[in-house]
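According to the numbering used here, the sequence shown holds residues 1 to 250 in order.
All residues carry an ideal CB built from backbone N, CA and C; glycine is no exception.
All values derive from a computational prediction rather than experimental measurement.
Taking it in order: structure first as structure tokens, then the write-up.
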Amino acid sequence: MRIDILTLFPEMFTGVLGSSILGKAEEKGLVQYHVVNFREYSRSKHGTVDDVPYGGGGGMVLKPEPLFDAVEAIVGEEKPRIILLCPQGRPYTQALAEELAREQHLVLICGHYEGYDERIRQHLATDEISIGDYVLTGGELAAMVVVDSVVRLLPGALGNERSAVADSFSTGLLEHPHYTRPAEYRGWKVPDVLLSGHHANIERWRLKESLRRTMERRPDLLAQMELTPLMKELLDELRQEQKNSGQAGE
Ligand code: ADE
């Protein structure tokens, strides 16, 4: 995969793209990052990339020319996904990360100031993505979130392929609790079933705890899921347990 990042602050990416899984993925040849300062594509001698909005009002708007020129210099004949990071975009999810991980080439555009000239949205971008309902000072941190979540899905990026498969969200459920040694710490014990060596019981416990966590923290996710008969059975158990503990507290 090739990932181009267009930004006015290329130095923000150095640590993130060079470290950990993202750095290793590039060393392994799974991905190539190109961070481009689109100020280089400004047509003014002062390197201007923004201007005041037509119609007045505060703030500055990113001009179309530098971004169109920067993207056209990268793209050539192919048709990569050209992604604007902005709070008005489509909410970012694991499903979208999985979709982007199947692409050969991504171009991420990081805006600053009040926003983008509308023609950038309409005629340059193929996608607009928001990483959440809050406003960042620019798209850089959002682009890093997208790159991180996509690159870790590339085959071979994670040491242990299973770990991406069992992630929260990729199964549609939040992950079950994890424990490691010691079996008892400050009097807090690891659940017996995990020490039992009984794989079927362990898998059942994990699924049940995933369901419990999802039910408690993200019922919206459960509502969207197709439940297997085992999941339905476990959810019934959880509801029964809830009812019993409610009665015990009365
Ligand atoms: N730029 C500013 N805020 C953003 C957000 N929430 N998501 C993506 N890009 C942004």
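Helix, strand or coil for residue i, going by three-state DSSP, please let me know.
i	result
V49	coil
R239	helix
E184	strand
V190	coil
T214	helix
L153	coil
P219	helix
L227	coil
G59	coil
G29	coil
G89	strand
Y41	helix
L195	helix
D69	helix
S168	coil
P177	coil
L207	helix
E233	helix
Using the C-alpha atoms, what's the distance from residue j back to residue i?
i	j	result
L207	R81	36 Å
H176	K24	28 Å
E72	E40	13 Å
K232	R152	31 Å
V146	G187	40 Å
S44	G138	22 Å
L234	L174	15 Å
R90	L17	24 Å
I5	S210	36 Å
T126	C86	13 Å
G59	T48	15 Å
G185	D192	It is worth fixing the name first, because residue 185 is Tyr in this sequence and not Gly. Taking the straight line from one Cα to the other gives about 14 Å.
D220	D133	17 Å
F13	V165	27 Å
G115	G57	13 Å
Y113	Q242	49 Å
S196	G29	41 Å
H46	G76	27 Å
S42	G55	23 Å
L230	A143	38 Å
T7	G246	54 Å
E11	S170	32 Å
A248	E216	19 Å
G15	E98	24 Å
Can residue i and residue j be called in contact, C-beta distance under 8 Å?
i	j	result
I109	L136	no
D69	V61	no
L84	I120	yes
L154	V35	no
L158	Y179	no
E128	Q88	yes
F9	E140	yes
L106	I21	no
A101	V52	no
P64	D117	yes
V190	A200	no
L222	T228	no
R156	M225	A small correction: the amino acid at residue 156 is Gly; Arg does not occupy that position in the sequence shown. Not in contact: G156 and M225 (Cβ atoms no closer than 8 Å).
E78	M1	no
R212	L238	yes
E27	Y33	no
Please name the residue or residues paired with residue i in a DSSP beta bridge.
i	result
I202	The partner list for I202 (beta bridge, DSSP) is empty, contrary to what the question assumes.
I5	V35 and L108
I21	The partner list for I21 (beta bridge, DSSP) is empty, contrary to what the question assumes.
I82	V107
* Which runs of the beta strand (DSSP E) spanning at least 3 residues fall entirely within the stretch 97-140, listed in chain order? -> 105-110 and 127-130
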